[in-house]
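Chemist:
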Amino acid sequence: MIRELSKEEFLQTMESGMKDITQDAEAVVDIWEYAGSLLAENLISQYGFDNRLIEAVYSGENGHYQHVLLFTAQNNCYIVIVIDTEKRVILGHRLLDLNEEYGI
7 MIRELSKEEF LQTMESGMKD ITQDAEAVVD IWEYAGSLLA ENLISQYGFD NRLIEAVYSG
67 ENGHYQHVLL FTAQNNCYIV IVIDTEKRVI LGHRLLDLNE EYGI
């Protein structure tokens, strides 16, 4: 079962010093079953899912949360899966529309 995080819930997982750890990230949990449910709801791209493509992984200064960005069908839009690294669970997801958020 998937869970969309509210904007407030998502922002609470944005730790200070969020940085791109894509090259060094280790899988805390297997996201692909959750991603399959996102795909069934047409929230992520079929191609990205089939090829297990991750755009980026971000983590905060204390490493409590990971944000895993998956491709959608829209340019500059990603589904962010939020992982609690201490509990090793997926908290939910949020659509990140860079066009809307940052005027890209």
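Following this note's numbering, the numbering of the sequence shown begins with 7 at its first residue and continues without gaps.
From the three backbone atoms N, C-alpha and C, an ideal C-beta is built for every residue, glycine too.
1. Based on DSSP bridge pairs, tell me the residues matched to Leu101.
2. Ignore the nearest five residues each way along the sequence and tell me which others in Ser51's own chain have a CB closer than 7 angstroms to its CB.
3. When the Cα atoms are used, what is the spatial distance from Gly98 to Glu92?
4. Please name the residue or residues paired with Phe77 in a DSSP beta bridge.
5. Could you check what DSSP says for Asp90 in three-state terms: helix, strand or coil?
6. Within 10 angstroms of the Cβ of Leu44, are there 16 or more other Cβ atoms? Answer buried if so, exposed if not.
7. Which residue comes first and which comes last in the beta strand (DSSP E) that contains Ser51?
8. Taking Leu11 as the reference, which of Glu107, Leu102, Cys83, Asn81 has the closest Cα?
9. Quick check on this structure: which residue in Asn48, Glu32, Cys83 has the alpha carbon closest to the alpha carbon of Ser65?
10. Just list the residues that DSSP pairs Glu10 with in beta bridges.
Modeler: By the coordinates alone:
1. Ile85
2. Phe77, Thr78, Ala79
3. 15 angstroms
4. Tyr84
5. strand
6. buried
7. Neither: Ser51 is in no beta strand (DSSP E) and is coded neither H nor E.
8. Leu102
9. Glu32
10. His99
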